[in-house]
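Numbering (this note's numbering), first residue to last: 44 to 156.
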């Protein structure tokens, strides 16, 4: 619950985001598009399944599902917990943003601004 997991196919975007996460003290962790899980989003009766059975690898299968729609577009997909179960220094209990400071810090470089 402390690190925002994200998925992207863009190496430069990922490197910029990781650097921005360090600068903004907003940790992120790149997750894999694990190809063997592609079969989990292939349903028997529809074109695609966004909620495969089994209950495992949900973040990865969700990212694989979304990647089919992104095509060649540069993107990042965050799959966050977004909740602090207990209060800690600088973190109150309850809803929490994970990744936004890192993303906002990275955007100028990513967008060439």
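Even for Gly, the Cβ is constructed at its ideal location relative to N, Cα and C.
Notebook entry, point to check: Name the DSSP beta bridge partners of residue 48, please?
Noted result: 72
Notebook entry, point to check: At what residues does the alpha helix (DSSP H) containing residue 66 begin and finish?
Noted result: 54-67
Item checked: Own chain, CB closer than 8 Å to residue 137, minus 5 neighbours either side, in chain order -> 126 and 127
Notebook entry, point to check: In three-state DSSP terms, what is residue 110?
Noted result: helix
Margin query: Mapping the DSSP letters down to three states, classify residue 129 as helix, strand or coil.
Written below: coil
Item checked: Backbone secondary structure at residue 142 - three-state DSSP -> coil
Check: Alpha carbon to alpha carbon, how far is residue 116 from residue 57?
Finding: 14 Å
Notebook entry, point to check: Around the Cβ of residue 130, are there at least 16 other Cβ atoms within 10 angstroms (buried) or fewer (exposed)?
Noted result: exposed
Checklist line | Opposing strand residues paired with residue 120 [DSSP bridges] | finding: 50
Item checked: Buried/exposed call for residue 69, threshold 16 Cβ in 10 Å -> buried
Checklist line | residue 140 versus residue 124: straight-line alpha-carbon distance, rounded | finding: 9 Å
Next item on the list: Could you check if residue 142 is buried or exposed, using at least 16 other CB atoms within 10 Å of its CB as the buried criterion?
Entry: buried
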